[in-house]
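Quick notes on the structure that follows.
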Ligand code: ADP
Ligand code: MG
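Okay, structure coming up:
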């Protein structure tokens, strides 16, 4: 019997290799991803899943904009909640199919993640979301209170990406897991909510990094391993240079040094490395960053970037 494993699925588990996200692309990618997840379940691991949702939220935002003259746009936290429902459904169908004829019980938890209204991210939104637009459109949306920024390829909306303080619905995920379910939770980093002084919760216009939320969820459910499944087999030192080399087995202290030296790009490998570090530093056994194709071997073999606290002295 293996340990309790949280798998965080990245973009290539839910979209075509070129990033296209038609319904057929999503179904196909998730179907393929679940064959890899199924191998971990067959090996006896207790698996929980979380996933990104960037292209899916982008699709909803585009529909918001195209339909704005007939229907009020839905807020960003609603977009995240919608993708949890849709992707959760696709994952449940695909995982059941991948494990058939073995029966499997799968459940998706619509998950809220608490954020701090005083998080500095709200003062300076930096996370780009949705499609690129021209300057005229960007200026028009700015008049509706949004923040837009010019990038190389055009103008794009930027939103706050606050720190995940607490995965509020983790107890529901734990209860289902203990009842024997393979649980999908905290999709897209969770629906961002803030708590008022009277204790009530409400959604906010933000997106939470799915890898950082995965680390928080993994600790909350007392996972022994966190597997971050992306599109590269390892995190690299010297990424994009001739001297690039893969990181294999590494301690949190060694990885913190590489992180401080700027080896991991913010917005891609950066949050994965931070998530792996947090998980291992907070008492998790091991975090692995590897490609989706390798997650079956990631826990048994010598594949991927394996992060642990290291030898106790
Ligand atoms: P996902 O969508 O799977 O969550 P991202 O696409 O955001 O993941 O991040 C993975 C990408 O990060 C890789 O495909 C690679 O292009 C990029 N990257 C940036 N820095 C590094 C690094 N140091 N080592 C490996 N990949 C890196
Ligand atoms: Mg990606």
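Numbering (our numbering), first residue to last: 8 to 320. Even glycine gets a Cβ: it sits at the ideal position worked out from N, Cα and C. All figures in this text were calculated on a predicted structure; none of them were measured in a lab.
Entirely within the segment 220-299 and at least 4 residues each: give me those alpha helix (DSSP H) ranges in chain order. 259-267 and 276-288
At least three beta-carbon pairs within less than 8 Å, the segment 13-25 to the segment 33-52: yes
Taking the C-alpha atoms as reference points, what is the distance between residue 169 and residue 212? On the chain shown, position 162 is the one that residue 169 refers to. On the chain shown, position 205 is the one that residue 212 refers to. Rounded to the nearest angstrom, the two C-alpha atoms are 10 Å apart.
Is any heavy atom of the ligand ADP found at a distance shorter than 6 Å from the C-beta of residue 58? Residue numbering aside, residue 58 sits at position 51 when the chain shown is read from its first letter. Checking every heavy atom of the ligand ADP against the Cβ of residue 58, none is found closer than 6 Å.
For residue 71 versus residue 195, is the C-beta spacing smaller than 7 Å? What you label residue 71 is simply residue 64 of the chain shown in a count that begins at 1. What you label residue 195 is simply residue 188 of the chain shown in a count that begins at 1. Cβ distance not < 7 Å, so residue 71 and residue 195 don't count as in contact.
Given residue 139, which residues of its chain have a CB within under 6 Å of its CB, disregarding the five upstream and five downstream residues? Start at 1 with the first residue of the chain shown, and residue 139 comes out as number 132. Hits under 6 Å: 160, 161 and 163.
Tell me, which residues are paired with residue 140 by DSSP? To locate residue 140, count along the chain shown from 1; it is residue 133. According to DSSP, which records beta bridges pairwise, residue 140 is partnered with 162.
Any non-hydrogen atom of the ligand ADP closer than 6 Å to residue 237 Cβ: Taking the first residue of the chain shown as position 1, residue 237 is located at position 230. Yes.
State the DSSP-derived secondary structure class of residue 42, mapped to helix, strand or coil. Within the chain shown, the letter at position 35 stands for residue 42. It is helical.
Distance check for residue 155 and residue 145, CA to CA, integer angstroms please. Numbered from its first residue, the chain shown carries residue 145 at position 138. Numbered from its first residue, the chain shown carries residue 155 at position 148. Roughly 6 Å between the two C-alpha positions.
Opposing strand residues paired with residue 210 [DSSP bridges]: The count along the chain shown starts at 1 and reaches residue 210 at position 203. Answer is 200, bridged to residue 210.
Does the segment 180-187 come close enough to the segment 128-143 to have 3 or more Cβ pairs within less than 8 Å? no
Is residue 43 close to the ligand ATP? I mean its beta-carbon at under 6 Å from any heavy atom of the ligand. For the structure depicted, the ligand ATP is absent and the ligand set comprises only the ligand ADP and the ligand MG.
Nearest to residue 7 by alpha carbon, out of 41, 10, 31 and 30? Given a span of 8 to 320 for the chain in the structure shown, any question on residue 7 remains unanswerable.
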